[in-house]
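*Asks:* Provided herewith is a single structure, encoded as structure tokens, for subsequent inquiry.
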Amino acid sequence: MNDFLAQHSISTDIQVAWGEMDALQHVNNSVYFKYFETARLDFFNQINLLDDLKTTGVGPVLSETNARFKRPVTFPDSIVVGVKISDINEDRFVMHYTVFSKAQQAVTTIGWAKVVMFNFKTGKKAKLTPELLSALLEHE
């Protein structure tokens, strides 16, 4: 677990809920995208990405997302979702997610998402601000 935390500068703890399991008695595959969303928003809040959304109208949107399931997770469990950043461009970046099961002491799922900065006022892509670029580079 310590190795996992050392590899991810930002990580989010999530409790697995009973209702997230499906008829096959493991967490339903679609739930992992909610886990990714929780970690993504935690990351955004930690780097203050959403602070200016109301005034500038610029914020992140997903253009693509993916998950690879390695091991099933069941209730009760707690997971940790680690986040890393790569492929930083002028208007986008990629977030990588690694899900670690505390009960299994193993990585259970990996995923990624392409995040594009979007101006909701103009309906067009927006460039990363210098502050955002700096914050993303710290987690690359």
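Under this note's numbering, the residues of the sequence shown are numbered 797 to 936, in order.
From the three backbone atoms N, C-alpha and C, an ideal C-beta is built for every residue, glycine too.
1. Taking C-alpha atoms, which residue in Phe916, Asp847, Met891, Asn915 lies nearest to Phe829?
2. On the three-pair Cβ rule with 8 Å, is the segment 901 to 916 touching the segment 801 to 814?
3. Terminal residues of the continuous beta strand (DSSP E) containing Pro856?
4. Between which two residues does the alpha helix (DSSP H) carrying Phe839 extend?
5. For Lys930, does the three-state DSSP call read helix, strand or coil?
6. Using only CA atoms, which one of Arg867, Arg864, Ser859 lies nearest to Arg888?
7. Kindly indicate the opening and closing residues of the alpha helix (DSSP H) around Asn798.
8. State buried or exposed for Thr852, treating a residue as buried only when at least 16 other CB atoms are found within 10 Å of its CB.
*Replies:* The relevant details are as follows:
1. Here residue 829 refers to the residue found at position 33 of the sequence shown. Met891 is the residue among Phe916, Asp847, Met891, Asn915 whose C-alpha sits nearest the C-alpha of Phe829.
2. The count of Cβ pairs closer than 8 Å, one atom from the segment 901 to 916 and one from the segment 801 to 814, stays below three, leaving the stretches out of contact.
3. If you number the sequence shown from 1, residue 856 lands on position 60. From DSSP, the beta strand (DSSP E) with Pro856 extends over 854 to 865.
4. Sequence index remark: in the sequence shown, residue 839 carries index 43 (1-based). Segment 827 to 842, the alpha helix (DSSP H) holding Phe839.
5. As a position in the sequence shown, residue 930 is number 134, starting the count at 1. For the sequence presented, residue 930 should be read as Ser rather than Lys. The three-state reading of DSSP puts Ser930 in helix, counting H, G and I together.
6. In the sequence shown, counting from the first residue as 1, residue 888 sits at position 92. Cα-wise, what sits closest to Arg888 is Ser859.
7. Within the sequence shown, the letter at position 2 stands for residue 798. That run of the alpha helix (DSSP H) goes 798 to 803.
8. As a first step, residue 852 must be located in the sequence shown, where it is residue number 56. Taking all protein chains in view, the Cβ of Thr852 is surrounded by fewer than 16 other Cβ atoms within 10 Å, so the residue is classified as exposed.
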